[in-house]
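Peer 1:
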Amino acid sequence: MRAAVYYGQKDVRVEDVEPATVGRGQVRVDVETCGICGTDLHEYAAGPIFIPGEAPHPLSGKQMPITMGHEFSGVVSEVGDGVESLDEGDAVAINPILHCGECRQCAEGNYHICADINFVGLAADGGFSENVVVAEHQAVPLAEGVPIEHGALVEPLAVGLHAVRRAGVQAGDSVAVFGSGPIGLSVIQSLRAAGAGDIIVSEPRKARRELATESGATHLVDPTEVDAVEEIHDLTGGGVDNAFEVAGIEATYKQSIQATRPQGTTTIVSIFEEEASAHPLGIVTGERSIQGTLAYLGGPRSGEEYGMVIDMLADGTLDVDPLITARIDLDDIIDEGFESLLDPESDQVKILVKP
């Protein structure tokens, strides 16, 4: 079958590979759609980061070359022994988290921050391929009425949902979001669903600011034209209750902290390629809090936040249309996919690959 295989930085090859066999407790999923994620771009441009390069990953036993792709959906085409919750023909979204099941975090049910956490498509062969073999619990059934293609957006939407839940946003809270790429838009939609009040989005690209409005932003800030922190303080009378950093650069890391009111909370969503720093004085004197968020619930809990997202897609609370900006064939994944998304002049947000 055809697959996009990662060999190293700027070296992804679309080639023929042998499909995996289905073992006990596993299913084969024929991939309908796989989204290109910001993490994929980090791996392509600056990796390997999550992809194991020098030694096999302890959970999957695999190292590069690895088939990429962790935001995907499809149809179950083969069911292994012992599988009880799925049948051939079921439409599913894939929760790609890999966990050990033995560390302290796994014992406490926090499989998504397992000591050896990694993901299908990064430490195991993923969805930029014609089919994938995954564990039963990783294939989460889609609700009736949710198109299979939209199942590929469950993963990024679950990132936004988990971030908003981790931040503890309350109805009416004022919020600033720094960056309105796919995950920023997902955060905005979950904020809207949570009943947030003012949702202020700082984003330099005009097209992405417009998409932020479609997703629920109430105020837009162009940080190339104004001081984003001053603008947010002016709009809110002293800073927001919650800020989300979703751009992954030092400038927005600092701004997201400075934009909060005293005793406000900043949640860091981005995967950073480089170190970032901020002066701690404002954190101390304002009793501000900074926290991280990673992915979404996984392992035996794979269906929890995924299920919430699927239900909200089914009832229209969440909307994938503002996120999808292109659909491409697997053979075009480099030029029309990775390189297009890395182009600073591009208006692309979420590109879906059709294997």
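All letters in the sequence shown, in the order written, are residues 672 to 1026 by this note's numbering.
The beta-carbon is built from N, C-alpha and C at its ideal position, and this holds for glycine as well.
This structure is a prediction, so every number in the text was calculated from the model and none was measured.
1) Does Gln-734 come out as helix, strand or coil in the three-state DSSP assignment?
2) When you compare the stretch 861-875 with the stretch 826-842, are there three or more beta-carbon pairs, one atom per stretch, that lie closer than 8 Å?
3) Measuring CB to CB, does Ala-842 end up less than 8 Å from Ala-914?
4) Taking Asp-1000 as the reference, which of Thr-704, Thr-692, Glu-958 and Pro-853 has the closest Cα?
5) Determine the direct distance from the alpha carbon of Leu-828 to that of Gly-760, and round the result to whole angstroms.
6) So for Gln-703, helix, strand or coil by DSSP?
7) Here's the rule I'm using: 16 or more other beta-carbon atoms within 10 Å means buried, otherwise exposed. How should Arg-876 be labelled?
8) Does DSSP classify Val-980 as helix, strand or coil?
9) Thinking C-alpha only, which one of Glu-742, Lys-733 and Asp-682 is nearest Ile-854?
10) In whole angstroms, what is the alpha-carbon distance linking Asp-990 and Ser-756?
11) Could you tell me whether the Cβ atoms of Gly-957 and Gln-926 are closer together than 8 Å?
12) Answer yes if the stretch 880-888 comes into contact with the stretch 900-910, meaning at least three C-beta pairs across the two stretches below 8 Å, and no otherwise.
13) Considering only the alpha carbon of each residue, which of Ala-930, Gly-987 and Tyr-967 lies closest to Gly-953?
14) Compare the C-alpha of Glu-976 against each of Gly-850, Glu-826, Met-735 and Thr-996 and name the closest.
15) Determine which residues share a DSSP beta bridge with Asn-789 and list them.
16) Figure out for me which residue from Asp-701, Cys-708 and Val-698 has the closest Cα to the Cα of Leu-994.
17) To the nearest angstrom, report how far apart Ser-948 and Ser-941 are at their CA atoms.
18) Just the Cα atoms here: how many angstroms apart are Val-803 and Val-892?
Peer 2: The answer reads as follows:
1) Gln-734 carries a coil assignment under DSSP once its states are collapsed to helix, strand and coil.
2) Yes, the stretch 861-875 touches the stretch 826-842.
3) With contacts defined as CB atoms closer than 8 Å, Ala-842 and Ala-914 fail to qualify as a contacting pair.
4) Selected option, being the one with the closest Cα: Thr-704.
5) Computed Cα separation, rounded: 24 Å.
6) The sequence shown places Glu at residue 703, not Gln. Glu-703 falls in the strand class under three-state DSSP.
7) Buried, since its Cβ has 16 or more Cβ neighbours within 10 Å.
8) In this structure, Val-980 counts as helix in the three-state DSSP scheme.
9) Of the candidates Glu-742, Lys-733 and Asp-682, the residue whose Cα lies closest to the Cα of Ile-854 is Glu-742.
10) Approximately 27 Å, taken between the alpha carbons.
11) Contact: no.
12) Too few Cβ pairs lie closer than 8 Å, so no.
13) Considering only alpha carbons, the answer is Ala-930.
14) Glu-976 has its Cα closest to that of Glu-826, out of Gly-850, Glu-826, Met-735 and Thr-996.
15) DSSP, once it has assigned bridges, lists Leu-769 as partnering Asn-789.
16) Closest option to Leu-994, Cα to Cα, is Cys-708.
17) Each residue's Cα considered, the two are about 14 Å apart.
18) Approximately 41 Å between the Cα atoms of the pair.
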